[in-house]
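*Asks:* Handing you a structure now.
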Amino acid sequence: MTQLTRRIGGAELKVIVADITTLSVDAIVNAANTSLLGGGGVDGAIHRAAGPELLAACRKLGGCPTGDAKITKGYLLPARHVIHAVGPVWHGGTRGEAEALGSCYRRALELCGANQLTSVAFSAISTGVYGFPADQAAKIAVHATIEALPAAPLVVDVIFCCFSEKSAALHADALARYGGPC
Ligand code: AR6
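Shown next, in the form of structure tokens:
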């Protein structure tokens with residue numbers, strides 16, 4: 003179910019509640035860890051749905067630093083690519099967590115631009131096991147994504163794919179308020 007849609011420049015941004023592994027988009031953005039070798043949460047779900055070729059491709063990438071992202075094919079997923087972003091572990095907010103989280107969204111869009119992608123769906127990076135407060139993370143996700151849209155000029159569809167109504171409400175609120183008073 004779509005919670006909110008907003009057009010910004012040439013792109014339509016949407017907040018939905020869904021299992022990201024079911025989305026037919028050019029790329030889904032995974033919440034990975036620095037090893038890129040899989041794990042639980044959305045990462046586990048993506049690897050299960052993509053099949054073992056995804057892990058084989060990830061092994062060749064040599065890991066990924068926090069705040070950065072790397073791209074693979076989507077294999078058995080309906081999505082054509084997976085962008086593996088590594089969010090920060092929450093340590094209270096004083097260790098550059100906000101900057102690292104924003105960087106994940108920016109790097110993911112840069113990869114969309116470099117690969118001529120037109121549609122991308124983000125998971126709510128760092129808001130599960132990594133413990134980033136969901137309200138702050140939603141604002142960072144929306145702001146960093148909108149500010150990085152010029153890096154991906156062909157992207158016309160951006161989806162914030164939330165796994166709960168609560169997460170979707172936070173993203174919808176951040177998206178609705180963007181550009182307005184905070
Ligand atoms: N579709 C969409 N969102 C999902 C799905 C799904 N199928 N499953 C979970 N979520 P998390 P993190 C949401 O813990 O906090 C892994 O083990 C979930 O509700 O997956 O960045 C990695 O390997 C939450 O809102 O990622 C890392 O070690 C969001 O996805 C570590 O967890 C992110 O939760 C990364 O932790």
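Just so we're aligned, residue 3 is where the sequence shown starts under our numbering, counting upward by one. All C-beta atoms in this analysis are idealised placements derived from N, C-alpha and C, irrespective of residue type, glycine included. Keep in mind it's a predicted model, so treat the numbers as computed, not measured.
How far does the alpha helix (DSSP H) with Ser169 in it extend, from its first residue to its last?
*Replies:* Element bounds for Ser169: 167-179.
*Asks:* Whose CA, out of Ala176, Gly11, Thr23, lies closest to the CA of Ile85?
*Replies:* Thr23
*Asks:* Would you list the residues sitting across from Thr74 in a DSSP beta bridge?
*Replies:* Val84
*Asks:* Should Asn35 be counted as a contact of the ligand AR6 given a C-beta to heavy atom distance under 8 Å?
*Replies:* yes
*Asks:* Decide if Pro152 is buried, meaning its Cβ has at least 16 other Cβ atoms within 10 Å, or exposed.
*Replies:* exposed
*Asks:* Could you tell me if the beta carbon of Tyr107 falls within a distance shorter than 8 Å of some heavy atom in the ligand AR6?
*Replies:* Checking the Cβ of Tyr107 against the ligand AR6 gives no.
*Asks:* Taking only three categories from DSSP, how would you classify Thr7?
*Replies:* strand
*Asks:* Whose C-beta lies closer than 6 Å to the C-beta of Phe124 among residues of the same chain, with five residues either side of it excluded?
*Replies:* Taking C-beta separations shorter than 6 Å and ignoring five residues to either side along the sequence, the partners of Phe124 in its chain run Val31, Phe162, following chain order.
*Asks:* For Ser128, tell me which candidate among Leu103, Thr120, Arg108, Ala116 has the shortest Cα-Cα distance.
*Replies:* Leu103
*Asks:* Expressed to the nearest angstrom, what Euclidean distance is found between the alpha-carbon atoms of Ile73 and Arg179?
*Replies:* 31 Å
*Asks:* CB of Ile161 to nearest heavy atom of the ligand AR6: below 8 Å?
*Replies:* no
*Asks:* If you draw a straight line from the alpha carbon of Glu1 to that of Cys114, how long is it in whole angstroms?
*Replies:* This structure leaves residue 1 out entirely; the chain is present only between 3 and 184.
*Asks:* Flag this pair as yes or no: are the beta carbons of Val157 and Leu111 separated by less than 9 Å?
*Replies:* yes
*Asks:* Identify, in the order they occur along the chain, each residue of the same chain with its Cβ nearer than 7 Å to the Cβ of Gly11, setting aside the five sequence neighbours on each side.
*Replies:* Leu151
*Asks:* Give the straight-line distance between the Cα atoms of Pro155 and Gln118, rounded to the nearest whole angstrom.
*Replies:* Cα to Cα, Pro155 sits roughly 8 Å from Gln118.
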